[in-house]
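Numbering (the numbering used here), first residue to last: 322 to 600.
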């Protein structure tokens with residue numbers, strides 16, 4: 322691959338390559354070769370050549386200038402036209418660690434650390450690994466499998482919580498229907514909750530709208546933020562989007578939705594009950 326550009330930063334440095342894909346195996350091979358060359362402590366020297374002598378130098382890439390060219394040579398390994406500063410031997414930049422890669426359109430940017438920066442990075446990550454292992458009262462090598470197990474347990478708990486939430490929504494919807502008010506042949510449920518999250522209100526609204534001849538006006542003030550949900554069953558002729566929009570607008574809020582379901586907010590929590598009464 323051709324090197325498109327190189328950037329040396331205060332901490333991290335980057336290398337842009339003219340390829341969109343570099344595999345982990347290739348990165349490992351590159352890192353191993355770079356460290357092998359570094360620990361050989363190959364001498365690095367700079368010298369000038371004119372155009373006639375340039376042909377004898379196996380440059381890695383053609384120079385961008387003409388005339389007398391400054392060559393930086395890693396002894397018998399790499400030759401480049403460069404006017405910048407350089408170390409005396411390759412050992413001065415050891416160790417070398419490739420820490421990240423990212424695709425940038427048709428190129429790949431490789432981020433690397435070297436020398437004391439790489440050592441500091443290793444020390445920091447080593448301390449983090451030890452601290453994480455201590456949380457599990459286990460060895461560092463066991464951390465990946467322990468984290469995977471936690472993720473599996475978390476996903477299982479989320480699934481179970483979702484099922485329980487659906488069941489609870491069904492029970493709460495049934496209780497609200499039992500205490501609803503019959504208006505023009507339909508059951509009206511108007512309910513304000515200070516504890517239920519927006520997702521919990523949505524689940525209850527979904528259950529209520531499954532019940533024939535039902536209109537539900539729900540509002541929640543959890544976390545001091547009002548969420549209003551107006552919904553109805555399919556056999557009720559009422560546009561909930563219009564009703565919710567007009568209601569919340571009267572109290573400084575907003576929202577809207579479909580004829581059978583609408584959601585909004587933006588009003589002060591202390592006005593939520595008044596908004597339901599207004600609707």
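C-beta atoms are modelled at their ideal positions from N, C-alpha and C, and glycine is treated no differently.
Just so it is clear, the structure is predicted and the values come from calculations on it, not from any experiment.
Taking buried to mean at least 16 other C-beta atoms within 10 Å of its own C-beta, is residue i buried or exposed?
i	result
residue 594	exposed
residue 516	exposed
residue 398	exposed
residue 530	buried
residue 555	exposed
residue 477	exposed
residue 411	buried
residue 528	buried
residue 423	exposed
residue 437	exposed
residue 504	exposed
residue 501	buried
residue 583	buried
residue 329	exposed
residue 455	exposed
residue 386	exposed
residue 485	exposed
residue 471	exposed
residue 559	exposed
residue 547	buried
residue 346	exposed
Can the beta-carbon of residue i be found less than 9 Å from the beta-carbon of residue j?
i	j	result
residue 585	residue 575	yes
residue 350	residue 434	no
residue 535	residue 568	no
residue 390	residue 402	yes
residue 540	residue 514	yes
residue 348	residue 431	yes
residue 549	residue 596	yes
residue 363	residue 396	yes
residue 490	residue 524	yes
residue 334	residue 327	yes
residue 537	residue 510	yes
residue 533	residue 426	no
residue 428	residue 338	yes
residue 562	residue 587	no
residue 365	residue 408	yes
According to DSSP, residue i sits in a beta bridge with which residue or residues?
i	result
residue 429	338, 424
residue 364	410
residue 394	366, 400
residue 568	Bridge partners of residue 568: none, in fact.
residue 578	583
residue 418	434
State the start and end residues of the unbroken beta strand (DSSP E) segment that holds residue i.
i	result
residue 584	582-586
residue 325	324-329
residue 553	548-553
residue 374	Unbroken run through residue 374 is the alpha helix (DSSP H), 372-375; no beta strand (DSSP E).
residue 535	535-541
residue 514	507-514
residue 502	502-504
If I follow the unbroken alpha helix (DSSP H) through residue i, where does it start and stop?
i	result
residue 440	437-456
residue 464	464-499
residue 598	593-599
residue 380	No alpha helix (DSSP H) holds residue 380; DSSP gives it neither H nor E.
residue 344	It is not in any alpha helix (DSSP H) - residue 344 carries neither H nor E in the DSSP assignment.
residue 589	Unbroken run through residue 589: none, as it is neither H nor E.
residue 520	519-530
Is residue i a contact residue of the ligand ATP, with contact defined as CB to any heavy atom under 8 Å?
i	result
residue 334	Absence of the ligand ATP from the depicted structure is noted, as is the absence of any ligand whatsoever, leaving it without description.
Decide yes or no for the touch test of the segment 335-355 against the segment 437-450: beta carbon pairs closer than 8 Å, at least 3 of them.
no
Between the segment 448-468 and the segment 362-382, do three or more beta carbon pairs fall short of 8 Å?
no
Pairing CB atoms from the segment 361-371 with CB atoms from the segment 446-455, are three or more of them under 8 Å?
no
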